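Residue numbers (our numbering): 1 to 442. For reference, the structure discussed in these notes is given below.
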């Protein structure tokens, strides 16, 4: 079952069994867990590998940094805040500094009226990011017989009681902490780049009457369970959505429904680009930890045959800690270079004519930048069904077809695309919104 078919059946299940009405301990729990349950089930029935865990030394070091970060944050909170409370996610490098390519432009507009919490590479601002625990155990009957529902509709027999119990417990603990944090800082609004699924933050903000703003951080489409909901269900009783979603163009919500009342296109200068015509035989391979097991062996195969091509193997942020190992593994392949956070996808696109991917937001960046995109038909590649008919997209089944496709390409020979995936940053739109919320802008 491909990812699109699975999404169809998953949403149909929600409609038939009224899952959003299920409640435990005063919590409408389905919306809290549906993103994780969606991926857990799909990975079980598909061949998508589970992402490898990080080495224990890194985990222990990360835990210590989280504890220190939490102490520093609580000292800052003691002195209060106000303005806009930003949860920043700085995953990219620019001029040797970490930047959040989505939220930094907004932070700059109200820098003197804001309280900023960094959430990358370590989320230290909530207790459950430091210590993992659960304090409730729900029965199948308490959970509305979800096991039977999933078995009947999706054909998978899974005992999810402990899984759901853990996530509901985490939600409750995080919500209580966010209530404390927001009360102490007293912000005029909360702004977050979705680093994880922040249902607890949105719930706390709504309970305290503080407007919440989510910033689009990447791909939004029908198969993304954080943003794809049925139009047939009433969500008025669900308090886990932001008040505003700020998108990076009007393209992203054309084929899916996200039940947020205020959706505003504000663009993003860091993602906006104009086409660059490059005629070199040069290729960017955009990977991630779950795709590395396919893309890296394929790159080894094709780079030896396509000696006149130059390849850049661009790691996803969730692979940065593997950089040295990947470099060592690909060292024998002279026409391959490995990039982690030394350059952004946008910087790399300025050096290549072609992009290879399975599933990545970089597919859309590449098309807007005037590149030919070759999608390898593995795992959840169907996520990109919205561009399969684009004249600058090719789909291939395996390494042999990849070699044939690249070998026969005339780099730079593309048809002009009129679809805008990323708009320029609409500064005045954001200023007007912030000022309506009572913020001081500059």
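The beta-carbon is built from N, C-alpha and C at its ideal position, and this holds for glycine as well. The structure presented is a predicted model; accordingly, all values stated were derived computationally and were not measured.
So, under 8 angstroms CB-CB, residue 439 and residue 188 are touching, yes? Tell me the CB distance rounded to an integer number of Å. Between residue 188 and residue 439 the Cβ distance is about 6 angstroms, and since that is below 8 angstroms, they are a contact.
Whole-angstrom Cβ separation of residue 253 and residue 102, contact assumed at under 8 angstroms? Not quite, the Cβ-Cβ distance comes to about 17 angstroms (not below 8 angstroms), so this is no contact.
Residue 325 by DSSP, collapsed to three states: which one? Annotated three-state conformation of residue 325 is helix, per DSSP.
Given a threshold of 16 other Cβ atoms within 10 Å of its Cβ, counted over all protein chains shown, does residue 170 qualify as buried or as exposed? Buried is the call here.
Pair within 9 angstroms by beta-carbon distance, residue 284 and residue 349: Going by beta carbons, residue 284 and residue 349 fall inside the 9 angstroms limit.
Less than 9 angstroms separating the beta-carbons of residue 449 and residue 30? Outside the shown range of the chain, which is 1 to 442, sits residue 449, and nothing can be said about it.
Those runs of the beta strand (DSSP E) which lie wholly inside the region 270-309 and span at least 3 residues: Qualifying beta strand (DSSP E) stretches, in chain order: 282-286.
Look at the alpha carbon of residue 266 and the alpha carbon of residue 81, and state the distance between them as a whole number of angstroms. Those two C-alpha atoms are separated by around 26 angstroms.
In chain order, what residues of the same chain have a beta carbon less than 6 angstroms from the beta carbon of residue 91, not counting five sequence neighbours either side? Excluding sequence neighbours, residue 91 sits near 120 and 317.
Over the uninterrupted beta strand (DSSP E) stretch that includes residue 93, give me the two end residues. In this chain, the beta strand (DSSP E) harbouring residue 93 covers 92-94.
Take the Cβ of residue 1 as the centre, count every other Cβ of all protein chains shown within 10 Å, and call the residue buried at 16 or more, exposed below. Exposed, because fewer than 16 other Cβ atoms sit within 10 Å of the Cβ of residue 1.
The beta strand (DSSP E) that contains residue 103, what's its start and end? First-last for residue 103: undefined, no H or E at that position.
Buried or exposed by the 16-neighbour rule on C-beta atoms within 10 Å, applied to residue 21: It counts as exposed.
Between which two residues does the alpha helix (DSSP H) harbouring residue 417 extend? Careful: residue 417 lies outside any alpha helix (DSSP H) and carries neither H nor E.
Mind checking whether residue 397 and residue 373 have CB atoms under 9 angstroms apart? Remark: C-beta atoms of residue 397 and residue 373 do not approach each other more closely than 9 angstroms.
Write down every uninterrupted run of the beta strand (DSSP E) in the region 206-243 whose length is 3 residues or greater and which is fully enclosed by it, in chain order. Qualifying beta strand (DSSP E) stretches, in chain order: 212-215.
Helix, strand or coil at residue 8 according to DSSP, with G and I counted as helix: Residue 8: helix per DSSP, three-state reduction.
Would you kindly work out how many angstroms separate the C-alpha atoms of residue 66 and residue 404, rounded to a whole number? One C-alpha to the other measures close to 48 angstroms.
Closest Cα partner of residue 209 within the set 219, 243 and 10: Residue 243 holds the alpha-carbon nearest to the alpha-carbon of residue 209 among 219, 243 and 10.
In angstroms with no decimal places, state the Cα-to-Cα distance between residue 340 and residue 256. In a straight line, the C-alpha of residue 340 is about 32 angstroms away from that of residue 256.
Is the number of C-beta pairs between the region 226-246 and the region 304-315 that are closer than 8 angstroms three or more? At 8 angstroms Cβ cutoff, the stretches do not touch.
Hey, would you say residue 419 sits closer than 9 angstroms to residue 251, going by beta carbons? The answer is yes: Cβ separation under 9 angstroms.
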